[in-house]
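Student: Attaching a single structure in structure tokens format; questions to follow.
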Amino acid sequence: MSRCGTRRLATVGEVADWSIVNLKDDVEDSAERFGLAPDLEARFGRRALGLEGGGFSYQRYAPSVSGTAAHRHRAQEEVYVVLSGSGRVKLDDEVHELRQWDVVRVAPSVARGFASGPDGLELLAIGFGEGGDAEMIDEFWTA
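First residue of the sequence shown: 47, per the numbering used here; consecutive thereafter.
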């Protein structure tokens with residue numbers, strides 16, 4: 047159950063001063079809608095919290111999921127925090143190993159994709175700026 051509040055009476059279109067949501071209970075798993083489950087769980091919290099200047103998502107990759115697709119943005123810079131597990135990130139043509147508590151900053155134009163290790167990979171992705179400008183890149187890891 048999501049909760050929000052304000053110190054003053056809200057008018058039509060006004061955003062609350064605070065919001066609390068549970069990512070597992072209150073936010074849709076978008077991976078299911080796109081046929082990517084059970085290998086991936088992806089919950090995007092921008093709308094659920096009423097964020098205006100950025101966004102975030104929780105992403106969980108099952109163990110040993112090979113990277114395939116990737117994305118880049120026109121304007122949105124992103125930071126990824128490895129919450130648990132291990133894996134790899136491919137940034138344009140470079141592949142880097144990841145472990146718990148690694149933080150990856152990615153400029154908008156850099157293509158990025160992830161693959162999980164034998165214990166899976168959990169990420170918190172934080173985007174700065176307006177969303178909705180992603181360009182998807184298929185077969186990224188084979189190129």
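By construction, the Cβ of each residue, glycine as well, lies at the ideal position given by its N, Cα and C atoms.
With residue 176 as the anchor, note down where its beta strand (DSSP E) starts and where it stops.
Tutor: On the sequence shown, position 130 is the one that residue 176 refers to. From DSSP, residue 176 is part of no beta strand (DSSP E); its letter is neither H nor E.
Student: In three-state DSSP terms, what is residue 75?
Tutor: Locating residue 75 in the sequence shown gives position 29, counting from the first residue. Three-state DSSP puts residue 75 in coil, outside helix and strand.
Student: Kindly indicate the opening and closing residues of the beta strand (DSSP E) around residue 31.
Tutor: In this structure the chain extends from 47 to 189, so residue 31 is not present and cannot be described.
Student: Evaluate residue 142 with the Cβ neighbour count: other Cβ atoms within 10 Å of its Cβ, from every protein chain shown; 16 or more gives buried, anything less gives exposed.
Tutor: In the sequence shown, counting from the first residue as 1, residue 142 sits at position 96. It counts as exposed.
Student: Suppose the cutoff is 6 angstroms on Cβ atoms and the five residues either side in sequence are ignored; what does the same chain contact list for residue 145 look like?
Tutor: In the sequence shown, residue 145 corresponds to position 99, counting from 1. Closer than 6 angstroms at the Cβ level, and outside the excluded window around residue 145, lie 132.
Student: Between residue 93 and residue 110, what straight-line distance do the alpha-carbon atoms span, to the nearest angstrom?
Tutor: Counting from 1 along the sequence shown, the entry for residue 93 is found at position 47. Counting from 1 along the sequence shown, the entry for residue 110 is found at position 64. Near 31 angstroms, if we compare the C-alpha coordinates of residue 110 and residue 93.
Student: Report back the beta-carbon spacing between residue 62 and residue 96 to the nearest angstrom; my notes put them in contact at under 8 angstroms.
Tutor: To locate residue 62, count along the sequence shown from 1; it is residue 16. To locate residue 96, count along the sequence shown from 1; it is residue 50. Going by Cβ atoms, the distance from residue 62 to residue 96 rounds to 7 angstroms, so yes, they are a contact pair.
Student: With H, G and I counted as helix, E and B as strand and the rest as coil, what does DSSP make of residue 69?
Tutor: The residue given as residue 69 occupies position 23 in the sequence shown. If DSSP states are grouped into helix, strand and coil, residue 69 belongs with the helices.
Student: As a quick exercise: from 188, 176, 165, pick the residue whose alpha carbon is nearest that of residue 108.
Tutor: Here residue 108 refers to the residue found at position 62 of the sequence shown. The residue with the shortest Cα to Cα distance from residue 108 is 165.
Student: Could you tell me the distance, in whole angstroms, from the CA atom of residue 73 to the CA atom of residue 138?
Tutor: For the purposes of this step, residue 73 is taken as residue 27 along the sequence shown, with counting starting at 1. For the purposes of this step, residue 138 is taken as residue 92 along the sequence shown, with counting starting at 1. Roughly 30 angstroms between the two C-alpha positions.
Student: Going by alpha carbons, who is nearest to residue 167 out of 151, 89, 134, 99?
Tutor: By 1-based counting over the sequence shown, the position of residue 167 is 121. Among 151, 89, 134, 99, the Cα nearest to that of residue 167 is on 134.
Student: Are the CB atoms of residue 151 and residue 124 nearer to each other than 9 angstroms?
Tutor: On the sequence shown, position 105 is the one that residue 151 refers to. On the sequence shown, position 78 is the one that residue 124 refers to. Yes; because the gap between Cβ atoms is below 9 angstroms, this pair is in contact.
Student: In chain order, what residues of the same chain lie with their CB nearer than 6 angstroms to the CB of residue 77, ignoring the 5 residues before and after it?
Tutor: Here the question's residue 77 lines up with position 31 in the sequence shown. The residues are 83, 86, 87, 88.
Student: Should residue 118 be labelled buried (16 or more other beta-carbon atoms within 10 Å of its own) or exposed?
Tutor: Along the sequence shown, one-based indexing puts residue 118 at 72. Buried, by the Cβ-count rule.
Student: Can you say whether residue 128 is buried or exposed, counting buried as having 16 or more other CB atoms within 10 angstroms of its CB?
Tutor: Taking the sequence shown and counting its residues from 1, one reaches residue 128 at position 82. With 16 or more Cβ atoms within 10 Å of its Cβ, residue 128 is classed as buried.
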